[in-house]
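In order, the protein sequences belong to chains A and B. Per the working numbering, the very first residue in the first sequence carries number 109; after that it's consecutive. Per the working numbering, the very first residue in the second sequence carries number 109; after that it's consecutive.
There are 2 protein chains.
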Amino acid sequence: MSLDLEEVFVERTKIAALYADAEQLGGTEVTVAGWVRSVRDMKNFGFVTLNDGSCFKDLQVVMNREICANYDAVASCGVGAALIIHGVLELTLERPQPIELQAHTIAIEGASSPEYPMQKKRQSLEYLRTQQHLRPRTNLFRAVFRVRSVAAYAIHKFFQDQGFVYVNTPIITTSDAEGAGEMFQVTTLDLENIPRTDAGKVDYTQDFFDTSAHLTVSGQLQAENFAMAFGDVYTFGPTFRAENSNTRRHAAEFWMIEPEMAFCDLAQDMDIAEAMLQYVISYVLEHCADELEMLNKFVDKGLLERLHHVATSEFARVSYTDAISILEEAISQGEKFNYPVKWGIDLQTEHERYLTEKHFKKPVFVTDYPAEIKAFYMRTNDDGKTVAAADCLVPGIGEIIGGSQREERLDVLEQRIKDLDMDPEQYKYYLDLRRYGSCTHSGFGLGFERLVMYLTGVDNIRDVIPHPRTVGNAEF
Amino acid sequence: MSLDLEEVFVERTKIAALYADAEQLGGTEVTVAGWVRSVRDMKNFGFVTLNDGSCFKDLQVVMNREICANYDAVASCGVGAALIIHGVLELTLERPQPIELQAHTIAIEGASSPEYPMQKKRQSLEYLRTQQHLRPRTNLFRAVFRVRSVAAYAIHKFFQDQGFVYVNTPIITTSDAEGAGEMFQVTTLDLENIPRTDAGKVDYTQDFFDTSAHLTVSGQLQAENFAMAFGDVYTFGPTFRAENSNTRRHAAEFWMIEPEMAFCDLAQDMDIAEAMLQYVISYVLEHCADELEMLNKFVDKGLLERLHHVATSEFARVSYTDAISILEEAISQGEKFNYPVKWGIDLQTEHERYLTEKHFKKPVFVTDYPAEIKAFYMRTNDDGKTVAAADCLVPGIGEIIGGSQREERLDVLEQRIKDLDMDPEQYKYYLDLRRYGSCTHSGFGLGFERLVMYLTGVDNIRDVIPHPRTVGNAEF
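This is how it looks when you write it as structure tokens:
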């Protein structure tokens with residue numbers, strides 16, 4: 109590792125570096141480049157607030173009419189204009205901002221205009237969704253998308269530090285994984301002129317893959333192939349649901365993290381999920397302090413307290429059966445739910461949120477759900493009616509992780525596939541894993557956007573995805 | 109960061125840890141879990157070679173008939189069986205393998221069978237492609253897929269350490285980006301029964317997104333939206349080409365890294381690309397030593413020398429015009445090419461490989477290509493006929509990176525879009541970036557699979573993708 113990366117990135121000094129190395133850089137000449145957030149023209153001198161995206165903080169630039177020949181042009185370049193500024197960094201430790209730049213020259217790299225839609229006034233989130241190419245320049249989205257980036261890296265770092273192997277499971281698939289949801293079809297057939305077989309059906313031998321193909325809803329089954337070789341693996345990639353649900357929590361395209369561990373039972377699975385969430389939260393708290401402070405102030409006043417609390421306190425664990433009792437007890441105490449509660453139901457978001465927000469007041473794993481409401485691959489418990497599943501519910505969101513110990517017994521799995529009228533031929537490879545060196549193994553799926561919502565307090569999934577895809581919307 | 113991650117992962121000791129901490133663990137009792145690579149039964153004692161996927165190395169386990177009650181069962185459990193073994197770790201520093209495990213108990217977690225397709229004999233790569241769920245258990249694929257994982261992490265680490273923001277650009281898109289290649293259509297329409305408008309056309313108002321949609325071929329244009337806010341960003345995600353090309357270098361689904369940097373010209377763009385490649389190579393050399401040694405021995409005898417060379421030597425840079433002269437000179441010296449060489453041609457792989465392998469004998473950036481053979485968004489040079497593009501060619505592969513400085517001048521870009529008969533309305537958002545605070549900016553695209561091929565010496569893209577998708581193939 110003899111590479112000197114510093115050398116590559118010397119041309120301008122990023123504002124993040126000015127703040128980080130203020131004491132060394134104070135009094136020296138530096139060049140910065142960024143975009144104007146505001147200009148105040150005081151006639152003989154003025155202030156430019158500049159942001160270059162390297163950190164949440166802006167840099168205050170002081171310009172003087174006598175020094176800057178193009179003073180008037182800069183003063184009227186407009187919010188959003190791109191400037192390259194050379195000057196001397198001054199330490200102003202006694203003032204709210206500890207540094208400011210005394211400009212010697214200011215080059216207008218690209219002007220803006222009065223039509224620029226991101227003027228400094230407050231705009232609605234709905235309007236900003238129509239300006240997805242510009243909204244990253246606002247405080248809210250600069251915070252959200254840096255948190256998203258840092259959280260993604262924290263997840264990679266967590267797993268790589270533990271020796272997990274990152275696996276890119278396929279996006280295009282010919283199997284329907286778990287039958288988990290509606291799928292998008294992927295095709296190169298000309299829809300204006302679909303080729304037909306003699307029997308009048310779509311002739312898929314003329315399609316790209318010689319068969320019908322879809323976008324994946326989960327990489328789990330393929331991840332298991334790799335867990336049986338590497339022990340510990342994880343995926344981190346896009347997954348898709350073609351569900352016609354226009355809610356604040358659903359998108360057609362979203363990213364999932366799916367770790368899969370060999371020689372790992374349900375209790376260890378929960379240990380790893382909990383450690384991962386706490387690690388990511390701690391990492392983001394450490395690396396996005398300015399962003400979280402703003403989000404805590406303007407988006408969700410309880411955010412920082414909640415994140416600190418979750419990062420340091422043990423998650424609760426409760427069986428589904430006990431969770432139902434808790435909900436029934438709550439009803440008898442006067443709690444109202446829209447959906448009825450009894451053993452066998454799939455928990456609704458209102459139930460999940462009651463458990464995590466009101467009863468446990470922290471994240472909780474609900475374990476051992478009825479087999480009927482869970483996927484075929486989950487391990488059947490000794491009682492014969494529940495499976496070794498564990499969903500993690502968090503305050504403000506509800507379910508954020510769905511995990512389980514996988515059925516490793518060939519005969520039990522074959523019987524389950526048969527009972528559910530699934531096609532065993534479709535699961536031949538999956539069953540092979542149970543034929544040759546099967547072992548106790550577990551995994552979980554974390555919806556990345558839900559995690560980002562949790563980390564930022566933002567309550568609409570459309571606002572944590574760079575360019576969200578939802579029913580009727582795939583613009584940009 | 110008070111989290112003690114060690115606590116979560118205590119249940120078994122990974123073989124990687126046995127090798128790393130051999131001196132401390134020697135003489136202590138440990139439990140390991142993994143899969144049998146071979147068994148030798150010497151009647152009263154035997155040897156089991158175990159691998160748990162945590163590292164490339166196997167662990168030798170010694171079992172004694174007098175100690176292991178199920179000696180015969182273990183001796184016949186078969187290659188590929190899963191075992192959990194408790195015993196004492198012995199230091200055997202004088203022997204080729206520095207440690208071995210003296211087994212006290214061996215639990216057969218999952219037996220294998222004589223039908224197990226990954227028996228220890230040598231199998232063809234073609235056959236292994238039909239066993240994608242099991243091939244990660246072979247030496248070759250354990251090496252390739254760990255290198256892939258480590259390289260992916262190195263890329264994230266490189267950019268995150270430099271303050272780049274990771275952006276998940278959309279997979280489903282309604283624009284065709286750069287018109288770079290054939291696209292897959294994404295739809296929820298029933299192909300057996302396509303809804304039609306009154307005019308007899310496909311009625312896309314009934315499709316999921318209210319319009320026709322496709323899989324992305326590049327995230328660059330969307331990445332630019334974020335570069336204009338964060339300065340330095342990168343994407344790392346799947347991209348797609350529906351091209352009917354059945355070659356060793358093409359897949360329908362592959363991962364791309366697309367960094368995009370504001371206030372960055374073509375020379376800096378190349379600096380960053382070069383630093384990134386050298387960083388990733390150095391990182392993989394450091395973290396995958398055993399894997400690379402095997403690949404160097406059995407797959408590509410020049411691999412290690414080439415990687416060390418590239419990691420430490422400066423890349424060459426040559427203009428397209430000079431590159432054409434070099435090729436013409438080579439022809440005059442007797443070099444034979446299948447495709448003719450003259451100014452204006454798109455370089456073929458044979459030309460690229462001549463330049464990087466025979467002429468420069470190291471990676472080379474070819475810059476300033478004719479505008480006609482490059483994309484609309486590349487910056488027009490002052491000569492009016494070339495654009496500020498830079499492709500990086502590497503020995504054994506040819507093009508591995510395609511980059512350019514982007515056209516930041518609104519009027520020039522609008523004219524170019526018009527000249528190419530493209531629809532300006534489609535590029536409204538992209539043009540907005542030039543209206544409001546435009547700046548010099550550049551980026552590049554790195555094909556991740558080509559990088560993995562380069563890092564491993566594997567010469568077929570099907571063998572560096574967990575479950576490759578090519579014409580007629582989307583199984584597993």
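All C-beta atoms in this analysis are idealised placements derived from N, C-alpha and C, irrespective of residue type, glycine included.
A:Glu137 is bridged by DSSP to A:Val196.
Contact residues of the stretch 241 to 262 of chain A toward chain B are His241, Leu242, Arg243, Pro244, Arg245, Thr246, Phe249, Arg250, Phe253, Arg254, Arg256, Ser257, Val258, Ala260 and Tyr261 (C-beta to C-beta distance below 9 Å). With a 10 Å radius around the Cβ and a threshold of 16 neighbouring Cβ atoms, B:Asp160 comes out buried. For A:Trp143, the C-beta contacts it makes with chain B under 7 Å involve Gly545, in order along the chain. Against A:Val579, the close residues of chain B are Phe316, Phe317 and Asp318, in the order they occur along the chain (beta-carbon pairs closer than 9 Å). Listed by position along chain B, the residues whose Cβ is nearer than 7 Å to that of A:Ile193 form an empty set, because the closest Cβ is around 11 Å away.
In the structure shown, B:Asp377 adopts helical secondary structure according to DSSP, grouped into three states. In the three-state reduction of the DSSP assignment, A:Ala128 falls in the helix class. Of the candidates A:Gly218, A:Ala370 and A:Lys482, the residue whose Cα lies closest to the Cα of A:Lys493 is A:Lys482. Secondary structure at A:Tyr462: helix, using DSSP grouped into helix, strand and coil. Each of B:Gly327, B:Thr305 and B:Pro367 was checked against the Cα of B:Phe348, and the nearest Cα belongs to B:Gly327.
Membership of B:Thr494 in the beta strand (DSSP E) is indicated by the continuous run Thr494 to Val502. Bounds of the beta strand (DSSP E) holding B:Ser512 are Gly506 to Gln513.
Of the residues B:Phe164, B:Val169 and B:Ala141, the one whose Cα lies closest to the Cα of B:Gly154 is B:Val169. In chain order, Ala582 make up the part of chain A whose C-beta sits under 7 Å from the C-beta of B:Thr281. Of all residues in the stretch 122 to 141 of chain B, only Lys122, Ala124 and Ala141 place a beta-carbon less than 8 Å from a beta-carbon of chain A.
Under a criterion of Cβ atoms nearer than 9 Å, no residue of chain A is adjacent to B:Ile505; the nearest Cβ is some 19 Å distant. Not one beta carbon of chain A lies nearer than 8 Å to the beta carbon of B:Thr488. No Cβ-Cβ contact shorter than 8 Å links A:Leu385 with A:Leu400. Rounded to whole angstroms, the Cβ separation of A:Met378 and A:Phe473 is 5 Å, and the two are in contact under 8 Å. Taking 8 Å as the upper bound for CB-CB distance, A:Arg256 and A:Val572 are in contact here, some 6 Å apart.
Apart from the 5 residues on each side of it in sequence, A:Ile434 sits with its Cβ closer than 8 Å to the Cβ of Val426, Leu463 and His467 in its chain, given in chain order. The beta carbon of A:Tyr562 does not come within 8 Å of any beta carbon belonging to chain B, so the residue lies off that interface. Note on geometry: alpha-carbon atoms of B:Val140 and B:Val196 lie some 11 Å from one another. Only buried fits B:Asn276, as 16 or more other CB atoms lie within 10 angstroms of its CB. Under the Cβ criterion of 8 Å, A:Glu217 is counted among the residues facing chain B. Beta-bridge partners of B:Ala321 (DSSP): B:Val294.
Residue contact check for A:Thr213 against chain B: no CB pair falls below 8 Å.
Residue pairing of B:Gly410 in beta bridges, as defined by DSSP: absent, with no partner found.
A:Pro303 has a beta carbon lying at 8 Å or more from every beta carbon in chain B. Counting C-beta atoms within 10 angstroms of its own C-beta, A:Trp451 has fewer than 16 neighbours from the protein chains shown and is therefore classed as exposed.
If the five residues before and after A:Tyr387 are omitted, its C-beta is found closer than 6 Å to the C-beta atoms of Phe266, all from its own chain and listed in chain order. Minimum Cα-Cα distance from B:Thr578 among the listed residues A:Phe317, A:Glu202, A:Tyr538 and A:Gln132 corresponds to A:Phe317. With respect to the 8 Å criterion, B:Glu332 and B:Leu518 are not classified as neighbours on the basis of their beta carbons. Between A:Gln523 and B:His241, the alpha-carbon positions lie close to 22 Å from each other. Identification of residues in the stretch 220 to 236 of chain A having a C-beta nearer than 9 Å to some C-beta of chain B yields Ser220, Ser221, Glu223, Tyr224, Pro225 and Met226, given in sequence order.
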